[in-house]
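**Student:**
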Amino acid sequence: MGMIDENNVLTLLNKKIYPGEKAKVNFNTAKLYTTTTVEVPIIIERAIEPGPTVLITAGIHGDELNGIEIVRQLISRGINKPEKGTIICIPVVNVFGFLSMTREFPDGRDLNRVFPGAKKGPLASKFAYVFTEEILPVADYCLDFHTGGSSRFNAAQIRVEKGDEKMLELAKIFNAPFTVYSKTISKTYRKACSKLEKPILLFEGGKSQDSNKEIAKYGVEGTQRILAHLGMLKKEFTVPKTTQESILIEHSLWMRAKYSGLLHIKIPIGKKVEKGEYIATITDPYGSFRHKVTASNTGYIINVNQSPIVYQGDAIFHISKDA
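Count along the sequence shown from 1, add 9, and you get the number used in our numbering.
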């Protein structure tokens, strides 16, 4: 099991990293059916001064590129070099899915639905087990970066469990445009953190197989604010300031397409709309049908389906609402 001993020596996957050192450790518990080992690089930066250990992850779903870009920027800009404590970055947790630009592991399983895994389970489950046993125990705080699935584009947001005041406070410090109350799904990485009492901020922004500069900026700047709060941000970095506090979303609903056809979005993501406001059009390919989509209620649009074609019943807008 990974640990930091009384002499402040970090042991991770059988490698010792001393205070003031940096290291790259390859996590390679799983192999392809060709017996080829697929390595998952873990980038570790340690300060001489003791402090918290922050674990920063992305790419649990292999096609979610925005999160991967956020962690890449943290490393390339040196933000991951702490003033005190330890920062562990895993830019691409699911390298298998990243190679094929798919959400799942090669065995077809969603890694984020098999935690804490099983020692002798299928590929994804075994990977989750070793991750939970060997890497997660060293973390004091976790930041996990995701995007919307498929064509659904999430406004930049932090998701926290309602009633968790400690995490709500950290979410306010991160200060994404939105903070969304969200129940923790069973067998997710977030649930594994919760069971081990590891504080975790789950960031959602953008959509899969897409890279968005604005979303990456929100993720990087929010991380800097968290590191500054923990006393870990190097003095050469200025703590990014914001002009607006994160908007708390307590309740929300999905608006669904009433007709099949071509979807034309008429509003920007993150906009506050009024009930009955014109927000999209659904048409047929032949120019004979045109349906106006209007907002079901007053609220913020925190997710938009950017697919050019939808079927009746498809989710097209995620909108906040009053209780």
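Where is the CB? At the ideal position from N, CA and C, for every residue including glycine.
These numbers come from a predicted model, not from an experiment.
If Ala133 and Phe114 are in contact, beta carbons under 8 Å, what's the gap, nearest whole angstrom?
**Tutor:** 4 Å
**Student:** Is it a yes or a no for the region 165 to 172 touching the region 82 to 97, going by three-plus beta-carbon pairs under 8 Å?
**Tutor:** They do not touch, by the three-pair rule.
**Student:** Does DSSP put Gly215 in a helix, in a strand, or in coil?
**Tutor:** strand
**Student:** What residue ranges within the region 254 to 326 form continuous beta strand (DSSP E) runs of no fewer than 3 residues, ordered along the chain?
**Tutor:** Runs found: 256 to 258, 261 to 265, 270 to 274, 287 to 292, 299 to 303, 308 to 314.
**Student:** Which partner residues of Tyr333 appear in the DSSP bridge assignment?
**Tutor:** Missing from the structure shown is residue 333; the chain here goes from 10 to 332 and no further.
**Student:** At the 9 Å Cβ level, is Lys25 part of the contact set with chain B, yes or no?
**Tutor:** Here chain B cannot be found, since the structure has a single protein chain.
**Student:** List in chain order: all unbroken alpha helix (DSSP H) runs of 4+ residues lying wholly within the region 74 to 128.
**Tutor:** 74 to 85, 104 to 109
**Student:** Suppose the cutoff is 7 Å on Cβ atoms and the five residues either side in sequence are ignored; what does the same chain contact list for Ala39 look like?
**Tutor:** Val47, Leu132, Lys135, Phe136
**Student:** Considering only C-alpha positions, which residue in the set Ile318, Arg86, Lys216, Asn75 is nearest to Thr247?
**Tutor:** Arg86
**Student:** By Cβ distance below 6 Å, which residues in the same chain neighbour Tyr138 in space, the five residues on each side in sequence not counted?
**Tutor:** If the five residues before and after Tyr138 are omitted, its C-beta is found closer than 6 Å to the C-beta atoms of Gly126, Ala127, Lys128, all from its own chain and listed in chain order.
**Student:** Which runs of the alpha helix (DSSP H), 4 residues or longer, sit entirely within the region 220 to 258?
**Tutor:** Those alpha helix (DSSP H) runs which fall completely within the region 220 to 258 and span 4+ residues are 222 to 238.
**Student:** Is the region 105 to 122 in contact with the region 260 to 278, if contact means three or more CB pairs nearer than 8 Å?
**Tutor:** no
**Student:** Please state whether the Cβ-Cβ distance between Thr54 and Lys31 is less than 9 Å.
**Tutor:** This sequence places Glu at residue 54; Thr is not what is there. Yes. Within cutoff.
**Student:** Quick check on DSSP: helix, strand or coil for Ile182?
**Tutor:** Helix.
**Student:** I need the boundaries of the beta strand (DSSP E) containing Leu19, first residue and last residue.
**Tutor:** 19 to 21
**Student:** With DSSP as the reference, label Thr43 as helix, strand or coil.
**Tutor:** In the structure shown, the three-state DSSP call for Thr43 is coil.
**Student:** Assuming the contact rule is C-beta atoms closer than 8 Å, Glu73 and Ser191 should be a hit. Round their C-beta distance to whole Å, please.
**Tutor:** Rounded, the Cβ-Cβ distance is 17 Å, inconsistent with contact.
**Student:** Which stretch, first to last residue, makes up the alpha helix (DSSP H) that contains Leu132?
**Tutor:** 132 to 139
**Student:** Is the Cβ-Cβ distance between Asn75 and Phe154 less than 9 Å?
**Tutor:** yes
**Student:** Between the alpha carbons of Thr197 and Gly158, how many angstroms are there, rounded?
**Tutor:** 15 Å
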